[in-house]
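Numbering (the working numbering), first residue to last: 14 to 59.
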């Protein structure tokens, strides 16, 4: 499991490289101010 911290306030973005992952289906959860924004699905095809 990977965890990324974004310390900037306001609108921001996080860019990850698909090269860091094997092909497959991954679930992720964006948490802001300690609250979950819902689990989403990411598909990496190689």
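Idealized CB from N, CA, C, for every residue including glycine.
- It is roughly 14 Å from the alpha-carbon of residue 21 to the alpha-carbon of residue 28.
- Here residue 46 carries a coil assignment [DSSP, helix/strand/coil].
- The Cβ-Cβ distance between residue 50 and residue 56 does not fall below 8 Å.
- Listed in chain order, the non-local C-beta contacts of residue 47 below 8 Å within the same chain number zero, local neighbours out to five positions each way being set aside.
- Rounded to the nearest angstrom, the gap between the Cα atoms of residue 52 and residue 40 is 6 Å.
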